[in-house]
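Working notes, beginning with the structure itself.
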Amino acid sequence: MAIIALVSAKGSPGVTTSALACALAWHRRLVVAECDPAGGSILAGYLGGQLDGPRGIGELAVGELRDGNLETEFWSQLVDLDAPRRERLLLPGLVDPAQGGSVTPLWQRFADYFDALDRGTPGYDVLVDCGRLHVTGPPWPVLRAASVVLLVTRAHLPDLSGTRAVVTTLERDFAEHRVTPGTLRLLLVGDGHGRAEISRALKLPVIARLPHDPRTARVLSLGGTVRAGRPLMRAAAALEVPIGALLERRRARLAWPVQQGVPDAV
1 MAIIALVSAK
11 GSPGVTTSAL
21 ACALAWHRRL
31 VVAECDPAGG
41 SILAGYLGGQ
51 LDGPRGIGEL
61 AVGELRDGNL
71 ETEFWSQLVD
81 LDAPRRERLL
91 LPGLVDPAQG
101 GSVTPLWQRF
111 ADYFDALDRG
121 TPGYDVLVDC
131 GRLHVTGPPW
141 PVLRAASVVL
151 LVTRAHLPDL
161 SGTRAVVTTL
171 ERDFAEHRVT
181 PGTLRLLLVG
191 DGHGRAEISR
201 ALKLPVIARL
211 PHDPRTARVL
221 SLGGTVRAGR
231 PLMRAAAALE
241 VPIGALLERR
251 RARLAWPVQQ
261 GVPDAV
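Residue numbers (full-length UniProt numbering): 1 to 266.
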């Protein structure tokens, strides 16, 4: 079990759509956490606002700051995306970005809690929508705690130019905070330059490409019936394989015994 974070550079290259597609297509037991400081969109979009009362990370933050009750209130703030199985759960994001001030001081607290969810019964992976990196109060502690960070980008030159700067920012921060090497990967969205070309240009592996599928993207953004056979959902389902392999390699590397006096290989 692990934290898998998605983040982007400028614009709106489909971080939320990609995260939701993966959540609905993967076989892993998941909590989808909307940690975008600019606000969440799944509740009002895909779910059509059909909930009884406020729910989500903003409510958790207020309760935690007031009473320190994250452990007791967390599960009551989740929405079952596949009711009543409770295998795909959503922690909705902020309804009003102005609430971001109450969440920003708690990113480390949320990161620690997400990291511990694999030790529950049952355990859950946490798929985190971190939104754009260059906003006020980005969830840096969550990104640093993630086993895999997917930098979502379109494959056209203007988007890649902005993505290059974000790669540099992430790599510098991860090095300063001693994040395990190999955490960061590119996730391409839509048509454009080839995977190998982009990987060489940005000096970062491309884990997958999600196809341009406006019909499915509209359903994931505005609600409706998600069809597993659509191109986007097939590609999202296939992404579970390289993600799982990356997680297994990371676990093996962290578990490998280190001989005294011999530095870790990176």
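For glycine and all other residues, C-beta sits at the position ideal for the given N, C-alpha and C. If you're wondering where the values come from, they're calculated on a predicted model, not measured in any experiment.
So which of the options has the shortest CA-CA distance to residue i?
i, options, result
"Gly93", "Leu117, Pro84, Gly49", "Gly49"
"Val167", "Leu202, Val179, Cys130", "Leu202"
"Ala111", "Arg119, Val128, Thr121, Gly100", "Val128"
"Pro141", "Ala165, Leu90, Gln108, Ala5", "Gln108"
"Arg230", "Glu240, Leu246, Ser221, His212", "His212"
"residue 271", "Leu204, Pro181, Leu157, Arg164", "Here the chain comprises residues numbered 1 to 266, so residue 271 is not present and cannot be evaluated."
"Trp26", "Thr136, Ala236, Ala145", "Ala236"
"Arg249", "Pro181, Arg209, Leu210, Leu232", "Pro181"
"Ile243", "Val149, Val179, Arg218", "Val149"
"Leu65", "Glu87, Gly194, Gly101, Asp82", "Gly101"
"Ala2", "Val135, Leu117, Val15, Val79", "Leu117"
"Ile42", "Leu222, Val226, Asp173, Leu232", "Leu222"
"Ala44", "Gly224, Arg234, Val241", "Gly224"
"His193", "Thr136, Val79, Arg86, Asp159", "Asp159"
Which residues bound the alpha helix (DSSP H) around residue i?
i, result
"Cys35", "Premise fails: Cys35 is in no alpha helix (DSSP H) and is neither H nor E."
"Gly56", "It is not in any alpha helix (DSSP H) - Gly56 carries neither H nor E in the DSSP assignment."
"Val15", "15-25"
"Ser102", "100-103"
"Asp82", "Unbroken run through Asp82: none, as it is neither H nor E."
"Arg109", "107-116"
"Phe70", "Residue 70 is actually Leu in this sequence, not Phe. Start and end: 70-73."
Count the other CB atoms, across all protein chains shown, that sit within 10 Å of the CB of residue i; report buried if there are 16 or more and exposed otherwise.
i, result
"Thr183", "buried"
"Ile57", "buried"
"Pro214", "exposed"
"Arg154", "buried"
"Glu71", "exposed"
"Arg251", "exposed"
"Val258", "Note on Val258: pLDDT 49, under 50, position unreliable in the model; the coordinate value appears next. By the neighbour-count rule (16 or more Cβ atoms within 10 Å), Val258 is not buried but exposed."
"Arg28", "buried"
"Val68", "Position check: residue 68 holds Gly in this sequence, whereas Val was assumed. Exposed."
"Ser8", "buried"
"Gly53", "exposed"
"Pro263", "Note that Pro263 scores 46 on pLDDT, short of 50, meaning its location in the model is unreliable; the coordinates nonetheless yield the value given after this. Classification of Pro263: exposed, given that the 10 Å Cβ count is below 16."
"Glu34", "buried"
"Thr121", "exposed"
Less than 7 angstroms separating the Cβ of residue i from some heavy atom of the ligand NAD?
i, result
"Asp82", "For the ligand NAD, the structure offers nothing, since it holds no ligand at all."
Under DSSP, the beta strand (DSSP E) around residue i begins and ends at which residues?
i, result
"Ile3", "3-8"
"Arg88", "88-91"
Our contact map puts residue i next to residue j with C-beta atoms below 8 angstroms; I'd like the distance itself, whole angstroms only.
i, j, result
"Val189", "Ser18", "7 angstroms"
"Pro37", "Pro105", "Wrong, their Cβ atoms sit about 12 angstroms apart, outside the cutoff."
"Leu220", "Tyr46", "6 angstroms"
"Ser147", "Leu247", "6 angstroms"
"Val31", "Leu20", "Their Cβ separation, rounded to whole angstroms, is 13 angstroms, which puts Val31 and Leu20 out of contact at 8 angstroms."
"Leu239", "Ala196", "Not quite, the Cβ-Cβ distance comes to about 18 angstroms (not below 8 angstroms), so this is no contact."
"Thr186", "Ile198", "This sequence places Leu at residue 186; Thr is not what is there. With a Cβ gap of about 7 angstroms, Leu186 and Ile198 count as contacting."
"Leu24", "Leu81", "7 angstroms"
"Gly14", "Ala217", "7 angstroms"
"Ala145", "Asp115", "5 angstroms"
Problem set entry | Start-end ranges of the alpha helix (DSSP H) lying completely within the region 122-163, minimum 4 residues | 140-145
Exercise. Could you give the uninterrupted runs of the alpha helix (DSSP H) lying entirely in the region 176-239, keeping only those of 4 residues or more?
Worked result: 195-202, 214-222
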